[in-house]
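Asker: The following block contains the structure, expressed as structure tokens.
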């Protein structure tokens with residue numbers, strides 16, 4: 074390893090392995106310091122450029138530390154998120170959960186710093202396998218099934234990615250993790266793109282996300298909302314920038330997520346749908362592929378991690394304090410959780426791209442890039458989606474959760490209050506970053522891969538945004554009776570594989586089980602019956618034929634023996650008499666035979 | 022903050038009126054802004070284009086989501102536990 078390069082993933086891995094051994098009063102400082110050290114490593118690495126920590130492994134050179142501007146901007150936000158997330162879960166007394174979270178972070182950072190596909194794959198799988206424990210950590214009745222579904226889907230994604238990597242290596246003899254030839258895509262290009270796209274929750278491969286993130290532990294969801302999809306966005310930006318199909322897929326994600334979020338009753342599932350929608354903007358930006366679009370996608374990934382984690386922290390606080398996540402079981406909570414309400418509201422304004430809040434400086438960059446690339450249809454639809462984002466996240470979430478009808482049971486109402494100091498501090502930190510980056514984006518812009526020639530603070534942009542938000546809000550309040558949450562779930566693409574699984578079980582339980590039973594019956598009646606008849610015949614044959622002959626001889630011998638026994642009186646003179654008589658008979662017979 | 026919210030909720034009509042005034046202010050502001058930076062000619066030619074866009078987009082999204090949900094996409098919460106309603110020992114329909 075280079076003298077200057079410190080791999081933040083290594084810091085997190087070592088930290089994760091030490092967590093179980095650091096107990097008592099040292100645990101909390103340790104949980105806070107290790108991510109800070111990783112962030113320090115990222116900051117230190119940001120002054121470097123090039124390839125570090127390279128190792129020869131068989132015929133391949135593995136690059137664990139490739140540093141450029143794209144790496145640095147994503148590494149910064151991931152490390153910062155590790156600090157905020159760890160602070161939020163500081164009081165969690167489950168070492169396993171902290172280990173899973175940190176190994177998950179390490180997987181993300183490892184992928185971001187990787188310079189070859191084998192290293193990417195290694196850390197990619199580390200992310201998938203570590204994060205599933207954040208779902209199981211909730212220990213709810215549905216957690217095991219959800220976790221296994223998540224694992225199966227990501228394993229499939231990993232296999233697709235590996236197939237692409239292998240095919241590419243066979244074709245070009247190179248493992249370098251760089252931009253693919255997206256204008257002349259080969260099969261391996263599609264496979265690699267699909268492997269990354271699955272983890273980015275690209276429609277129609279997205280259903281794992283709302284399923285898993287809504288079921289994760291209150292702390293685990295804060296990590297999960299940041300790392301998997303945005304690491305996938307990084308991987309797509311690195312390898313597939315300018316791939317046209319991503320524009321279409323990104324727009325589809327942006328709209329699909331909006332419709333489902335509007336229908337959703339579960340507050341954390343609503344946010345999960347929101348991730349699908351917001352990542353759609355990033356995927357579309359990567360598909361557009363111009364410098365402004367890539368900058369926009371990266372900037373939106375950064376601010377998205379900030380506001381989405383803040384929103385998951387707010388709703389996680391509600392879950393942590395009340396145990397409830399449904400609008401139909403909550404409402405009116407501003408009185409009991411004012412701090413949580415305030416920070417969540419900052420998150421809501423940030424995701425809605427309200428002026429001077431986080432997404433204001435990023436989302437419009439992607440949309441402008443679309444217009445400038447003459448992809449007007451895409452930009453119009455993204456604007457349409459942005460209106461929806463404000464409606465479900467900026468209005469529906471705070472209104473029905475903190476105001477609206479109070480659906481809390483007396484127990485829920487009693488339990489509701491602002492959470493622990495560390496959770497509040499983490500939310501305050503997240504909210505501060507959302508406002509800072511939205512009001513003064515200079516530092517973020519300086520980190521982006523290309524020079525930024527975009528000014529979000531124009532009067533036209535301000536007027537456009539205020540009009541959109543103002544009149545969308547008017548529509549919301551006029552039509553809000555159609556948005557009343559109902560205690561229902563929304564069927565999605567996972568219906569197909571859930572039903573396929575159910576069909577498989579049905580086939581196993583019914584036709585296959587029936588055939589097995591029938592075959593057993595046939596075996597019993599035909600096979601076993603025949604076997605028994607044959608056995609009976611041979612038993613009879615054995616008894617009557619074999620044993621008859623053997624027993625007959627034995628009986629004959631015994632009979633002869635019995636007769637002979639009569640001759641044996643035991644007196645010597647009788648025996649001599651019989652012997653002499655027998656000898657005389659033999660002698661006389663011989664003489665007569667000779668004379669004749 | 023709680024007291025402020027309660028104060029405003031007690032005067033909801035005044036709040037609504039203030040919101041309408043704010044909307045009027047936004048529209049006035051939009052009319053005065055230089056539209057030469059607009060992305061397309063539609064934005065330049067149609068007055069208060071983004072006001073209209075925001076309202077219509079929100080209404081369409083609410084309508085589509087309402088229709089889509091009621092068309093069978095919104096299902097019982099125990100749907101995956103027992104897809105056939107008759108299989109459920111306790112229904113929450």
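Chains as they are written, first to last, in the working numbering: chain A, 74 to 669; chain B, 22 to 114. Here a beta-carbon is modelled for each residue, glycine too, at the ideal position from N, C-alpha and C. These figures come from a predicted structure and were not determined experimentally.
What ranges does the alpha helix (DSSP H) occupy inside the stretch 539–615 of chain A, keeping only unbroken runs of at least 4 residues that lie completely in it?
Answerer: 567–580, 586–595 and 602–614
Asker: So that I know if they touch, is there some Cβ in chain B lying closer than 9 Å to that of residue 537 of chain A?
Answerer: yes
Asker: With 9 Å set as the bound, which would you pick, yes or no: does the beta-carbon of residue 31 of chain B sit closer than that to a beta-carbon of chain A?
Answerer: no
Asker: CB residue 170 of chain A to CB residue 130 of chain A, shorter than 9 Å?
Answerer: no
Asker: Counting Cβ pairs, one atom from each stretch, are 3 or more of them under 8 Å apart for the stretch 385–400 of chain A and the stretch 290–307 of chain A?
Answerer: Result yes; three or more Cβ-Cβ pairs closer than 8 Å.
Asker: Using only the alpha-carbon positions, how far apart do residue 573 of chain A and residue 103 of chain B sit?
Answerer: 15 Å
Asker: Please classify residue 86 of chain A: is it buried, with 16 or more other beta-carbons within 10 angstroms of its beta-carbon, or exposed?
Answerer: buried
Asker: Compare the beta carbon distance of residue 341 of chain A and residue 286 of chain A with 9 Å and say whether it is the shorter of the two.
Answerer: Yes, these two residues count as a Cβ contact at 9 Å.
Asker: For residue 251 of chain A, does the count of other Cβ atoms within 10 angstroms reach 16, so buried, or fall short, so exposed?
Answerer: exposed
Asker: What do you get for residue 339 of chain A, buried or exposed, if any count of 16 or more other CB atoms within 10 angstroms of its CB means buried?
Answerer: buried
Asker: Listing by chain order, which chain A residues have their CB less than 8 Å from the CB of residue 100 of chain B?
Answerer: 562 and 564
Asker: Would you decide whether residue 336 of chain A is buried or exposed? Buried here means 16 or more other CB atoms lie within 10 Å of its CB.
Answerer: buried
Asker: Since residue 460 of chain A contacts residue 59 of chain B with CB under 8 Å, what's their CB separation in whole angstroms?
Answerer: Rounded, the Cβ-Cβ distance is 17 Å, inconsistent with contact.
Asker: For residue 248 of chain A, which residues in the same chain have their Cβ closer than 7 Å to its Cβ, ignoring the five residues on either side in sequence?
Answerer: 133, 189, 190, 191 and 242
Asker: Return no unless some Cβ of chain B is closer than 9 Å to the Cβ of residue 431 of chain A.
Answerer: no
Asker: For residue 280 of chain A and residue 274 of chain A, what's the separation of their Cα atoms in angstroms?
Answerer: 7 Å
Asker: Measure from the alpha carbon of residue 92 of chain A to the alpha carbon of each residue in A/380, A/356, A/176 and A/632, then state which is nearest.
Answerer: Taking each of A/380, A/356, A/176 and A/632 in turn and checking the Cα distance to residue 92 of chain A, the smallest one comes out for A/176.
Asker: Taking beta-carbon pairs under 9 Å, can you tell me which members of the stretch 65–90 of chain B lie near chain A?
Answerer: 69, 70, 71, 72, 73, 74, 75, 76, 77, 78, 79, 80, 81, 82, 83, 84, 85, 86, 87, 89 and 90
Asker: Quick one: list the residues of chain A neighbouring residue 61 of chain B, beta-carbon separation under 8 Å, in chain order.
Answerer: Listed along chain A are 444 and 449, each with a C-beta nearer than 8 Å to that of residue 61 of chain B.
Asker: Assuming residue 84 of chain A contacts residue 107 of chain A under a Cβ cut-off of 8 Å, what Cβ separation, rounded to an integer in Å, is found between them?
Answerer: 7 Å
Asker: With a cut-off of 8 Å, do at least 3 Cβ pairs link the stretch 533–545 of chain A to the stretch 421–438 of chain A?
Answerer: Contact holds: three or more Cβ-Cβ distances are below 8 Å.
Asker: In angstroms with no decimal places, state the Cα-to-Cα distance between residue 472 of chain A and residue 578 of chain A.
Answerer: 42 Å
Asker: Can you tell me whether residue 575 of chain A is buried or exposed, with buried defined as 16 or more other CB within 10 angstroms of its CB?
Answerer: exposed
Asker: Indicate whether the contact test is met: 3 or more Cβ pairs, each with one atom in the stretch 356–374 of chain A and one in the stretch 524–531 of chain A, closer than 8 Å.
Answerer: Touching, yes.
Asker: Using a Cβ-Cβ distance under 9 Å, would residue 571 of chain A count as near chain B?
Answerer: Yes, its Cβ sits closer than 9 Å to a Cβ of chain B.
Asker: Return the residue from the list A/516, A/353, A/82 and A/470 that minimises the CA-CA distance to residue 277 of chain A.
Answerer: A/353
Asker: Anyone know if the C-beta pair for residue 563 of chain A and residue 82 of chain B falls short of 9 Å?
Answerer: no
Asker: What's the gap between the Cα of residue 187 of chain A and the Cα of residue 400 of chain A?
Answerer: About 42 Å.
Asker: Given a threshold of 16 other Cβ atoms within 10 Å of its Cβ, counted over all protein chains shown, does residue 396 of chain A qualify as buried or as exposed?
Answerer: Result: exposed.
Asker: By a C-beta neighbour count over all protein chains shown, 10 Å radius and 16 as the cutoff for buried, is residue 660 of chain A buried or exposed?
Answerer: exposed
Asker: Could one say the Cβ of residue 39 of chain B lies closer than 9 Å to chain A's Cβ atoms, at least one of them?
Answerer: no
Asker: My guess is that residue 424 of chain A and residue 466 of chain A are in contact by the Cβ rule of under 8 Å, so how many angstroms apart are they, rounded?
Answerer: Sure, about 5 Å apart at Cβ, within 8 Å.
Asker: Buried or exposed, going by whether 16 or more other CB atoms sit within 10 Å of the CB of residue 571 of chain A?
Answerer: buried
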